Amino acid sequence: MRFNRAIGKIKVLSFDLDDTLYDNHPIIRLALQAQHNYLQQHTRWPQQDAQFWSKCRNKAVQESPELAHDVTAWRQQALYLAMLACGYDQQQARFHSERAYQAFAQARSQITVSSSVLQLLADLKQHYTLIAITNGNADVDKFNLAGVFSLVLQAGKDGRPKPFSDLFDAAAQQLKVNHNNILHIGDSLDTDVQGANDALCHSVWLNNQDSHYHYQGLPDIEIKNINELQILCR
Numbered sequence: 270m271r272f273n274r275a276i277g278k279i280k281v282l283s284f285d286l287d288d289t290l291y292d293n294h295p296i297i298r299l300a301l302q303a304q305h306n307y308l309q310q311h312t313r314w315p316q317q318d319a320q321f322w323s324k325c326r327n328k329a330v331q332e333s334p335e336l337a338h339d340v341t342a343w344r345q346q347a348l349y350l351a352m353l354a355c356g357y358d359q360q361q362a363r364f365h366s367e368r369a370y371q372a373f374a375q376a377r378s379q380i381t382v383s384s385s386v387l388q389l390l391a392d393l394k395q396h397y398t399l400i401a402i403t404n405g406n407a408d409v410d411k412f413n414l415a416g417v418f419s420l421v422l423q424a425g426k427d428g429r430p431k432p433f434s435d436l437f438d439a440a441a442q443q444l445k446v447n448h449n450n451i452l453h454i455g456d457s458l459d460t461d462v463q464g465a466n467d468a469l470c471h472s473v474w475l476n477n478q479d480s481h482y483h484y485q486g487l488p489d490i491e492i493k494n495i496n497e498l499q500i501l502c503r
């Protein structure tokens, strides 16, 4: 654990979900496969056009730029446009796009958080209010994080995604705490650390991803393993 700045009185620990509390890569692969399996049942779906889905996603956000802030609505609209492009009428397109999204969403929340992480959260919960702030669309009520957090804020339905300050502002307002009473933990410098820093919250960077980041600022604390947060219980 490396401290770059001193932090004051922390009342709330805010956690990113994907790739912070669990490895999200295999989960996304399974969710995409579930969506693909549903779509492949339809003979109208272009079997060989690898660019078709990308074109539909691009069209959706070009027509409605605000979808870039809501990954759920973006996927749903892209599926709807894809079904229209396949020749379905609006009612059929809505039906099949909703079914395809449900296949994705069900697999998307097939997550099992490790017992060590659950124990860490249980220990931290004895000292702090725990919340989740995520840009993703995993439903914590559908896996073994159900009941862990006092508040879960998701990009799209609760505000613009990190690094915008919307979700941090909402957390401070709903919990009736100052921004500097919130310590946010996440794996991304560009979304988690920049978002927390810009919102005048405190930040912890879980530096365990082989990724390139653009943000040049520093987190207040840097860790390599989530279990290093046990020190906050002392």
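Here our numbering is used: the sequence shown runs in plain steps of one and ends on residue 503. Built from N, CA and C at the ideal position, the CB exists for glycine as well. All of these numbers come straight from a predicted model, not from anything done at the bench.
- Pairing W343 with A351 gives a Cβ-Cβ distance that is not under 8 Å.
- For T403, the secondary structure class from DSSP, reduced to helix, strand or coil, is strand.
- N476 places its beta carbon less than 8 Å from that of I492.
- Scanning C502, A374, T341 and L308 for the CA closest to the CA of N404 turns up T341.
- The Cβ atoms of H453 and V421 do not sit closer than 8 Å to each other.
- Our two residues, K328 and Y291, have alpha carbons roughly 32 Å apart in a direct line.
- In its chain, beyond the 5 residues on either side, R368, A369 and A372 have a beta carbon closer than 7 Å to the beta carbon of Y307.
- When only Cα atoms are considered, A300 and S323 end up about 17 Å apart.
- W343: member of the alpha helix (DSSP H) spanning V340 to A354, first to last residue.
- Counting other Cβ atoms within 10 Å of its Cβ, G455 reaches 16 or more and is therefore classed as buried.
- In this chain, I454 is not harboured by any alpha helix (DSSP H); it is covered by the beta strand (DSSP E) spanning I451 to G455.
- C-alpha of H448 to C-alpha of D318: approximately 48 Å in a straight line.
- Straight-line measurement puts the Cα of A362 at about 38 Å from the Cα of S419.
- For G356, the closest alpha carbon among the candidates F433, F272 and T312 is that of T312.
- Within 10 angstroms of the beta-carbon of P432 lie 16 or more other beta-carbons, which makes it buried.
- For F437, no beta strand (DSSP E) encloses it; the enclosing alpha helix (DSSP H) starts and ends at D435 to L444.
- R429 is bridged by DSSP to nothing; it lacks a bridge partner.
- Counted as a single uninterrupted DSSP element, the beta strand (DSSP E) harbouring E491 occupies residues I490 to I492.
- In this structure, the CA atom of Q345 is about 30 Å from the CA atom of S383.
- I500 counts as exposed, since fewer than 16 other C-beta atoms from the protein chains shown sit within 10 angstroms of its C-beta.
- Per the C-alpha coordinates, the member of D427, D438 and Q388 positioned closest to L414 is Q388.
- Per the DSSP secondary-structure output, Q320 pairs with nothing in a beta bridge.
- Scanning H481, Q478, D459 and S378 for the CA closest to the CA of I296 turns up S378.
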